[in-house]
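Residue numbers (UniProt numbering): 1 to 129.
Don't be surprised by glycine CBs; every beta carbon is placed ideally from N, CA and C.
The structure displayed is predicted, hence computed values, not measured ones.
One structure below.
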Amino acid sequence: MAGNVALAADVPAGVTLAEKQTLVRNNGSEVQSLDPHKIEGVPESNISRDLFEGLLVSDLDGHPAPGVAESWDNKDAKVWTFHLRKDAKWSDGTPVTAQDFVYSWQRSVDPNTACSVCQLSAIWAYRRY
């Protein structure tokens, strides 16, 4: 669950921005779905990375960096604990909670979701636990 590196625009003092702020993205084709568990193609992945932030993101060198989780620890090589940012909110202002991530992980492996790219088998040694 990684996303894009967030880059903020620094506006120099004395600069006036245009009244209408529009971002135009050449995505190649129309998306088939914006449901994070139904995304299969590059166009959907591009938009998804712009819309959603995971527990971790990738830094400019491709290494894991804080996303919604400001820190994390793993004391026994079995259980990871992610500490969420207190200011993390959904677009409607509702706080992001750990339960939101639990729901997402559970939904991703639910056969009723039919997520074709959500496979626990890609996680090394998941069966041992």
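Sequence-distant residues of its chain with Cβ nearer than 8 Å to residue i (five each side left out)
{"i": "leucine 34", "result": "Glu44, Ile47, Ser48 and Leu51"}
{"i": "leucine 17", "result": "Val11"}
Residue i versus residue j - alpha carbon distance
{"i": "valine 68", "j": "glycine 93", "result": "15 Å"}
{"i": "cysteine 115", "j": "valine 109", "result": "7 Å"}
{"i": "threonine 113", "j": "valine 31", "result": "18 Å"}
{"i": "valine 11", "j": "tryptophan 72", "result": "33 Å"}
{"i": "leucine 60", "j": "leucine 84", "result": "21 Å"}
{"i": "leucine 55", "j": "glutamate 19", "result": "33 Å"}
{"i": "serine 58", "j": "valine 102", "result": "21 Å"}
{"i": "serine 104", "j": "aspartate 76", "result": "24 Å"}
{"i": "lysine 78", "j": "aspartate 100", "result": "21 Å"}
{"i": "alanine 2", "j": "glutamate 53", "result": "Reliability fails at alanine 2, whose pLDDT of 44 lies under 50, so the model's placement of it is uncertain and the value that follows must be treated cautiously. Answer to the nearest angstrom: the Cα atoms are 7 Å apart."}
{"i": "lysine 86", "j": "glutamine 21", "result": "28 Å"}
{"i": "alanine 13", "j": "proline 111", "result": "53 Å"}
{"i": "glutamate 70", "j": "valine 15", "result": "32 Å"}
Beta-carbon gap between residue i and residue j smaller than 8 Å
{"i": "valine 96", "j": "glutamate 40", "result": "no"}
{"i": "histidine 63", "j": "arginine 107", "result": "no"}
Cβ-based neighbour list, residue i, same chain, cut-off 7 Å, excluding 5 preceding and 5 following
{"i": "threonine 81", "result": "Trp72 and Asp73"}
{"i": "alanine 98", "result": "Leu84"}
{"i": "alanine 65", "result": "Leu56, Val57, Ser58 and Asp59"}
Bridge partners - residue i, DSSP secondary structure assignment
{"i": "serine 71", "result": "His83"}
{"i": "proline 95", "result": "Lys89"}
{"i": "proline 43", "result": "Beta-bridge pairing links proline 43 to no other residue."}
{"i": "proline 64", "result": "Ser58"}
Cut-off 6 Å between Cβ atoms - residues of its own chain near residue i, not counting five sequence neighbours on either side
{"i": "alanine 88", "result": "Val68 and Val96"}
{"i": "serine 29", "result": "Pro43"}
Indicate whether the contact test is met: 3 or more Cβ pairs, each with one atom in the region 25 to 40 and one in the region 78 to 97, closer than 8 Å.
no
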